[in-house]
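Report on the structure given below.
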Amino acid sequence: MFFLKLVFRNAFRARLRSALTVLGLVIALVAFGLLQTVVKSWYAGAEMASGTRLITRNSISLVFSLPGYYRDRIRSIGGVKGVAVSNWFGGIWRDERSFFAQFAVDVPNFFAMYPEFRFKPDEWTDLMRDRRGAAIGRQLADLYGFKVGDRLPIRGTIYSGNWEFTIRAIFDARDQGTITRQMYFHYDYLNEYLKQKVPRAADRAGVFVVEVDDASRAAEISRTIDAEFANSLAETLTETEKAFQLSFIAMIETIIQVIQGVSFIVIVIILAVAANTMAMTARERIGEYAMLKALGFGPPFVARLVLAESVMLGAIGGLLAIALTGPVAHGFFESIGKTIFAVFEVAPITYLWQALAALAVGLLAALVPMFRAANIGIVDGLRHVG
Amino acid sequence: MQIPLSYIARNLWVRRLTTMLTAGGMALVVFVFAAVLMLDAGLKATLVATGSDNNVLFIRKGAETEVQSGVARDQAALIESLPQIARTANGEALVSKEVVVLNSLPKIEGGKRTNVPIRGVPPVGLTLRPQVKIMTGRFFRPGSNEIIVGSSVARQFAGVEIGQALSFAQRRWTIVGVFDAGRTAFDSEIWGDAEQLLQAFRRGGFSSVIAQLATPSAFDSLIDSLAGEPRLTVDVKREKQFYEDQSRQLSNFITYLGMTLSVIFSLGAIIGAAITMYAAVATRTGEIGTLRALGFRRSAILTAFLLESLLLALVGGVAGLFAASFLQAITISTTNFQSFSEIAFSFALTARIVVNTLVFALVMGLIGGVLPAFKAARMKIVDSLRAA
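Chains as they are written, first to last, in our numbering: chain R, 101 to 486; chain Z, -16 to 371.
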């Protein structure tokens, strides 16, 4: 008890310095937590993927479409429960900055496979009645203030021209991991236009979403589908929805790796700051340590004193940081994060990492000063002038 | 009277461990700051260098990239007849009608597939891009199933060595050469014969049309001609502008992310500097009193401590910049979401970045040192001498 009291008093003798050190520690650990959350949020799209859904696309690359009649051929393969067309639209609403994803899908088939999107019955009926109707996710609606009945003008980039949609339904997420930051509309609306203007591009699908009745047969069914179209004009590549989403993330993997790397640099920076504080503290108190030794306390006691002080500062910083990370992440998400991320939740593992990092900084920062304090000769130490 | 600089430098030297740790923390922050600027500069240099001021690029109205665009044959013929376009001695228009598609290829590292643009180029396309040179092998023969790969593609993707073949669109395409495009976006592309690729992919029209202007200043009158030609449904941009626009999103992303990180990290480094300088002031209270008693003014004390902090920051800044300069050897490859294809670029260190980085380091030193320096300058002679 006496030992702890001594450590506590020591830690706050240079109040300003200790406060600054703790502040630095808090800033770095919160930054670390945010960066980890950024990385995790990137993978959110893959997390919501279902094991029973496959994506079939053109094997050359996503830019190539598939003939529409593939749907019936895929449907006839054993184990396939449903097939829906999904077509990336890539239009721009207002300006490029307010980007959101739009997909042309065959609405009834598509949403039958996505029970995680919840519709109000009357809105669903309206959506089915209006060929120019669009369904908007709750997060997207909240972000830009869209309401049911709003007109939504979108400029096409892949399908040129100005497109008019009417928001007929706003769907909700069944659970927290579900992303509702996108828009769906009737594939028929797009297809009718293409039939008139660009007949060559009509009756084609960007990808097919395929539902299988047994997740354990996903790999086998994927191979069957691809074999069905081997050596044809449009060969296919079928993979699970999760693998499909991850292939997008893989494209920007370099950037994610950089963020990971940088979040560890933060820890090193704060280690330097904390180690600096401990080094100065120990140097100033060399005289005191020598005095303690003269009184009969051994080197281990002096070393423990330095170590405990450092760990205490680390612990205070760590606790404050963990308490602050949640609110800061929430604030970031509410203010600017919503335009980039669909979800931004601090994962429990991130808190654990923060705690470990705080502990590690506390331990490592004390290493050199501990050694110095323990090894100081009594005479040299007493003679030492700060 | 000024306090000598050697006195300031020696003070840093006496507390080597502390100086090293503080400067080290700053060096890391500076490293991140410089790395971000270098990455952004590298990306811009690559994409901006891709375009030429003399060339213009036509894509379908509303399209943002060549892959999204489609220019029908009759439209391309209309473009050829525009008066602002340069012609050879035989009267042929310097117009390259090209097709760009994406093919997903596995990377050597990790085997993940990403999109590589395949560009079908007619012979005139090479005249418009004098920077493209064959490194090994030879150019593809016009009218054949031969392709050549850019140097970045050759480095990063599997199965693209000379003599190997890629299978797509029901044909085998033999690789006969590797080309270097002088660190431009073309280095991340695969080139083949335009007509062969059009047929293989069953495309009716081209993706884009690239043309050389008769004179660089003809651009404005070209826009007027386009406005007066309702049959043409294309947008035109200077080639340089087109590639600059392609870099915008990725460049903004790198800059926003990097600057946010730098600001947060710099808070840590400033705190580190402040702690060090407060400690320096505290341990040298007696010295400060002595200096004052010797006749040095408050302003001299203030300047001395500020200079010490700036010197500390400079050491960190130079160390960080030195470490960052080695990044120039690294090439980053990532997907540009605007063109939806892989692009390789390196970190580029420019004189401007050196200056900005050092200023950034000095500002950190100044902010960290200003309060401790004022504390030192405000000390009373008697008190500080008594404290010693």
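The beta carbon of each residue, even a glycine, is placed where N, CA and C say it ideally should be. Here the structure is a predicted model, which means the values were calculated and not measured.
Item: Kindly confirm or deny that the stretch 184 to 193 of chain R and the stretch 253 to 264 of chain R touch, where touching means at least three C-beta pairs closer than 8 Å.; Value: yes
Item: Between the C-alpha atoms of residue 197 of chain R and residue 242 of chain R, what's the straight-line distance to the nearest angstrom?; Value: 17 Å
Item: Per DSSP, what kind of secondary structure is residue 347 of chain Z in: helix, strand or coil?; Value: helix
Item: Is it buried or exposed, residue 80 of chain Z, if we count other Cβ atoms within 10 angstroms and call 16 or more buried?; Value: buried
Item: May I ask you to verify whether the stretch 169 to 187 of chain Z touches the stretch 65 to 78 of chain Z, counting CB pairs closer than 8 Å and requiring at least 3?; Value: no
Item: According to DSSP, is residue 120 of chain Z helix, strand or coil?; Value: strand
Item: Identify the contact partners of residue 43 of chain Z in chain R, using a Cβ-Cβ distance below 8 Å as the criterion.; Value: 260
Item: Between the C-alpha atoms of residue 69 of chain Z and residue 225 of chain Z, what's the straight-line distance to the nearest angstrom?; Value: 20 Å
Item: Give a yes or no on whether 8 Å exceeds the smallest Cβ distance from residue 470 of chain R to chain Z.; Value: no
Item: Which runs of the beta strand (DSSP E), 3 residues or longer, sit entirely within the stretch 388 to 451 of chain R?; Value: none
Item: State the DSSP-derived secondary structure class of residue 383 of chain Z, mapped to helix, strand or coil.; Value: The question about residue 383 of chain Z has no answer here: the residues shown for chain Z are numbered -16 through 371.
Item: Mapping the DSSP letters down to three states, classify residue 272 of chain Z as helix, strand or coil.; Value: helix
Item: If you drop the 5 nearest sequence neighbours on each side, which residues of the same chain put their C-beta closer than 6 Å to that of residue 308 of chain Z?; Value: 332
Item: Report yes if the CB atom of residue 248 of chain Z is closer than 8 Å to the CB atom of residue 366 of chain R, and no otherwise.; Value: yes
Item: Taking a cut of 7 Å between CB atoms, which residues from the stretch 57 to 87 of chain Z lie near chain R?; Value: 84, 85, 86 and 87
Item: Under 7 Å Cβ to Cβ from residue 357 of chain Z, same chain only, skipping five residues before and after it: list those, please.; Value: 285
Item: Taking only beta-carbon positions, decide if residue 198 of chain R is within less than 8 Å of chain Z.; Value: no
Item: Tell whether a beta-carbon distance below 8 Å holds between residue 413 of chain R and residue 118 of chain R.; Value: yes
Item: Beta-carbon within less than 6 Å of residue 486 of chain R's beta-carbon, same chain only, minus the 5 sequence neighbours each way: which residues are those?; Value: Here the model assigns residue 486 of chain R a pLDDT of 48, short of 50, so the residue's position is not dependable and the matter cannot be decided.
Item: Using a Cβ-Cβ cut-off of 8 Å, state whether residue -10 of chain Z counts as contacting chain R.; Value: no
Item: What residues in its chain sit with their C-beta under 7 Å from that of residue 342 of chain Z, if we drop five residues either side in the sequence?; Value: none
Item: Do you know whose CA, among R/221, R/245, R/314 and R/275, lies nearest residue 269 of chain R's CA?; Value: R/221
Item: Please check the pair residue 300 of chain R and residue 165 of chain R, which I expect to be a contact at CB under 8 Å, by giving their CB distance rounded to whole angstroms.; Value: Actually they are not in contact, since the Cβ atoms of residue 300 of chain R and residue 165 of chain R sit about 11 Å apart, beyond 8 Å.
Item: Quick one: using the 10 Å Cβ neighbour count with 16 as the cut-off for buried, is residue 393 of chain R buried or exposed?; Value: buried
Item: Name the two residues that bound the continuous beta strand (DSSP E) containing residue 188 of chain R.; Value: 180 to 188
Item: Taking 7 Å as the cut-off, does the CB of residue 269 of chain R come closer than this to any heavy atom belonging to the ligand ADP?; Value: The ligand ADP is absent from the structure shown, which contains no ligand whatsoever.
Item: Quick one: which chain R residues come within Cβ less than 7 Å of residue 251 of chain Z?; Value: 124, 127, 128, 369, 370 and 373
Item: When you compare each of Z/189, Z/220 and Z/292 to residue 60 of chain Z by their alpha carbons, which one comes out closest?; Value: Z/189
Item: Check whether the stretch 121 to 140 of chain R and the stretch 305 to 318 of chain R touch, using three or more Cβ-Cβ pairs below 8 Å as the test.; Value: no
Item: Taking C-alpha atoms, which residue in R/155, R/479 and R/314 lies nearest to residue 387 of chain R?; Value: R/479
Item: Select from the stretch 156 to 177 of chain R all residues with a C-beta closer than 7 Å to any C-beta belonging to chain Z, and list them in chain order.; Value: 160, 161 and 163
Item: Would you kindly work out how many angstroms separate the C-alpha atoms of residue 403 of chain R and residue 313 of chain Z, rounded to a whole number?; Value: 44 Å
Item: Spell out whether any CB of chain Z is found under 8 Å from the CB atom of residue 475 of chain R.; Value: no
Item: Please list the residues of the stretch 246 to 260 of chain R that have a C-beta atom closer than 8 Å to any C-beta atom in chain Z, keeping them in chain order.; Value: 255, 256, 257, 258 and 260
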